[in-house]
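First comes the structure, then the notes that go with it.
Chains as they are written, first to last, in our numbering: chain B, 1 to 64; chain W, 1001 to 1403.
Take a look at the structure:
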């Protein structure tokens, strides 16, 4: 049975995703906080209990 | 040069083959991302990452596709997939509605009811059939190596970002605040009302199947695989629907208990797309959506601290692992899709993304978690997305997609 994919492409694609995740993380407040930098607001529990939808949208009744 | 991918796993299981490269790569990815999450965030995020992985395996091994289930009912007049979804919603409703109203600090998947919801879910329904999957379906098929679904996912992300730019305008159109059924019916009343609603949908599905075929195939109630033993089925699939239903229901309930909110998928696509635009110099805070507290903080901080993103990473790797164990990684892409099929992925992906943002989520965040939270918006989402799906099914032949 012939393989339906290229191993190199799979590793390349996963490598690119990992690099993007790392680039995002290294520039984040959480990484700064973990590196000992103070006065940084991290967002581990990102929830807004006042929001009206899971995406954080406000309630229609509160909009002008 | 191509080579044989399948390697005999063991002499004790003749014919049982796994793809060792894919399995090893998925496990390495799991260890790497899980390790990063562990080092940089908190232990509960690792647990959510692991739950995402198991959910990805359940979706793949259970072949739990919302899109195909709806299409099978419309085209083939077979309702097993649809009934499996209804069973999942009913079970989750029984577990999660009492949880949400007995523990402080848990937030259900509720959302406003109005123009935005109706238009968004209708567009999402069309996109499901053209793109070839919903939110979870797109992710688990990408994890399993489907090339066309990678195109769908990319344009799904583009669509969510465009939708986020337009959502404030849509919210200003006629609509009203969320309607949690518990507020008017109480916990027991809301659960009973939802079970009656799901029962009525099941009755309608059965009626369609019985009229077309004279009887009903109860595939959704099977507990055992008809071809293999329990262990082999557990590892390499295909799971009976009942297994997937139990795992998906437990996964969503655990997500609620651990993270404080039910399972959702598509908001992560929003964040990924917005981060990509910011990386090329676009100031996202010029758009109202990205000034709201939750989107603003999610955009600013690491994806490793963002629960839907971390669970999505797990889901992708779980589906990859499952596809490797089934020795079917990238199997769907063995025949290269035609140009029109790629065009369907582009159009479908954009509709999925735009619709998900306007409709406050996908089949998971709006429908599954919405019904599990006893929110009226989930029922409206269900009806409108199904109506949109009927249009999408009619459009599929134009894009040379089989029905």
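In this text, a Cβ means the ideal position worked out from N, Cα and C, and glycines have one as well.
Please read these numbers as outputs of a predicted model, since none were measured by experiment.
Leaving aside the five residues before and after residue 1080/W along the sequence, list all residues of the same chain whose C-beta is less than 6 Å from its C-beta, in chain order. Reading the second chain from its first residue, position 80 is the one you call residue 1080/W. These residues qualify, in order along the chain: 1217, 1219 and 1220.
Can you pull the chain B neighbours of residue 1292/W, defined as C-beta to C-beta under 9 Å? By 1-based counting over the second chain, the position of residue 1292/W is 292. The contacting residues are 48, 51, 55, 56, 57 and 58.
When you compare the CB of residue 1264/W with every CB in chain B, is at least one pair closer than 8 Å? For this step, residue 1264/W is matched to residue 264 along the second chain. For residue 1264/W, the answer is yes, since a Cβ of chain B falls inside 8 Å of its Cβ.
Please say whether residue 1157/W and residue 1411/W have beta carbons closer to each other than 8 Å? Chain W is shown from 1001 up to 1403; residue 1411/W falls before or after that span and cannot be answered.
Can you tell me whether DSSP reads residue 1375/W as helix, strand or coil? Your numbering for residue 1375/W matches position 375 in the second chain. If DSSP states are grouped into helix, strand and coil, residue 1375/W belongs with the strands.
Closer than 8 Å to chain W by CB, residue 30/B: Taking the first chain and counting its residues from 1, the one referred to as residue 30/B is at position 30. Output row for residue 30/B: interface = yes.
Roughly how far, in whole angstroms, is the beta-carbon of residue 1117/W from the beta-carbon of residue 1359/W, given that I think they are within contact range, below 8 Å? Residue mapping note: residue 1117/W aligns to position 117 of the second chain, counting from 1. Residue mapping note: residue 1359/W aligns to position 359 of the second chain, counting from 1. Going by Cβ atoms, the distance from residue 1117/W to residue 1359/W rounds to 6 Å, so yes, they are a contact pair.
Nonlocal neighbours in the same chain, by C-beta distance under 6 Å from residue 35/B, ignoring five residues either side: The residue given as residue 35/B occupies position 35 in the first chain. For residue 35/B, where only same-chain residues beyond five positions count, there are no Cβ hits under 6 Å.
Going by the CB atoms, is the gap between residue 1086/W and residue 1198/W shorter than 8 Å? As a working mapping, residue 1198/W is identified with position 198 in the second chain. As a working mapping, residue 1086/W is identified with position 86 in the second chain. Closer than 8 Å, so yes.
Measure the Cβ-Cβ separation of residue 1019/W and residue 1335/W and say whether it is below 8 Å. Numbered from its first residue, the second chain carries residue 1019/W at position 19. Numbered from its first residue, the second chain carries residue 1335/W at position 335. Result no, Cβ atoms of residue 1019/W and residue 1335/W do not sit closer than 8 Å.
I'd like to confirm the pairing. Which residues does DSSP put opposite residue 1180/W in its beta bridges? Here residue 1180/W is taken as the residue at index 180 of the second chain, counted from 1. 1375/W.
Residue 1114/W (DSSP reduced to helix, strand or coil): Within the second chain, numbered from 1, the residue matching residue 1114/W stands at position 114. DSSP places residue 1114/W in strand when its eight states are reduced to three.
Please check the pair residue 1077/W and residue 1208/W, which I expect to be a contact at CB under 8 Å, by giving their CB distance rounded to whole angstroms. If you number the second chain from 1, residue 1077/W lands on position 77. If you number the second chain from 1, residue 1208/W lands on position 208. With a Cβ gap of about 5 Å, residue 1077/W and residue 1208/W count as contacting.
Tell me which residues share the same chain as residue 1142/W and place their Cβ nearer than 6 Å to its Cβ, disregarding the 5 neighbours each side in the sequence. Indexing the second chain from 1 puts residue 1142/W at position 142. Contacts found: 1149, 1150 and 1153.
Candidates 1292/W, 1120/W, 1102/W and 1288/W, of which the one nearest residue 1386/W by Cα: Looking up residue 1386/W in the second chain gives position 386. The residue with the shortest Cα to Cα distance from residue 1386/W is 1120/W.
Chain B contact residues for residue 1176/W, given Cβ-Cβ distances below 8 Å: As a first step, residue 1176/W is located in the second chain; it is residue number 176 there, counting from the start. Per Cβ cutoff of 8 Å: 60 and 61.
So residue 39/B contacts chain W; which residues on that side make the cut at Cβ distance below 7 Å? Here the question's residue 39/B lines up with position 39 in the first chain. None at all; the shortest Cβ gap to chain W is about 14 Å.
When the cut-off is 8 Å and only beta carbons count, does residue 1072/W lie next to chain B? For the purposes of this step, residue 1072/W is taken as residue 72 along the second chain, with counting starting at 1. Output row for residue 1072/W: interface = no.
For the segment 1003-1071 of chain W, which segments carrying the alpha helix (DSSP H) assignment without a break, of at least 4 residues, lie completely within its bounds, in sequence order? 1020-1040, 1043-1061 and 1066-1071
Could you tell me whether the Cβ of residue 42/B comes closer than 8 Å to any Cβ of chain W? One-based indexing of the first chain puts residue 42/B at position 42. It does; some Cβ of chain W falls within 8 Å.
Quick one: Cα of residue 1171/W to Cα of residue 1043/W, how far? Locating residue 1171/W in the second chain gives position 171, where the first residue counts as 1. Locating residue 1043/W in the second chain gives position 43, where the first residue counts as 1. In a straight line, the C-alpha of residue 1171/W is about 37 Å away from that of residue 1043/W.
I think residue 1097/W touches residue 1191/W, with their Cβ atoms under 8 Å apart; what is that distance to the nearest whole Å? The residue labelled residue 1097/W in the question sits at position 97 within the second chain. The residue labelled residue 1191/W in the question sits at position 191 within the second chain. At roughly 5 Å, the Cβ-Cβ gap stays under 8 Å, so residue 1097/W and residue 1191/W are in contact.
Our contact map puts residue 1265/W next to residue 1206/W with C-beta atoms below 8 Å; I'd like the distance itself, whole angstroms only. The residue given as residue 1265/W occupies position 265 in the second chain. The residue given as residue 1206/W occupies position 206 in the second chain. The pair is not a contact, with the Cβ atoms about 30 Å apart (cut-off 8 Å).
Please name the residues in the segment 1318-1335 of chain W whose beta-carbon is closer than 7 Å to at least one beta-carbon of chain B, in chain order. 1329, 1330, 1331, 1333 and 1334
Could you tell me the distance, in whole angstroms, from the CA atom of residue 1234/W to the CA atom of residue 1259/W? By 1-based counting over the second chain, the position of residue 1234/W is 234. By 1-based counting over the second chain, the position of residue 1259/W is 259. Distance between the alpha carbons of residue 1234/W and residue 1259/W: 27 Å.
Residue 1393/W and residue 1083/W closer than 8 Å at C-beta: Your numbering for residue 1393/W matches position 393 in the second chain. Your numbering for residue 1083/W matches position 83 in the second chain. Contact flag unset, no.
Using the C-alpha atoms, what's the distance from residue 1307/W back to residue 1038/W? On the second chain, residue 1038/W is found 38 positions in, with the first residue counted as 1. On the second chain, residue 1307/W is found 307 positions in, with the first residue counted as 1. The straight-line gap from Cα to Cα measures roughly 13 Å.
In chain W, what lies closer than 8 Å to residue 12/B by C-beta? Sequence index remark: in the first chain, residue 12/B carries index 12 (1-based). Ordered by position in chain W, no residue passes the 8 Å Cβ test against residue 12/B, which lies about 12 Å from the chain.
Can you tell me the Cα-Cα spacing of residue 1015/W and residue 1051/W, whole angstroms? Position 15 of the second chain, counting from 1, holds the residue named residue 1015/W. Position 51 of the second chain, counting from 1, holds the residue named residue 1051/W. Looking at the two C-alpha atoms, the distance is approximately 30 Å.
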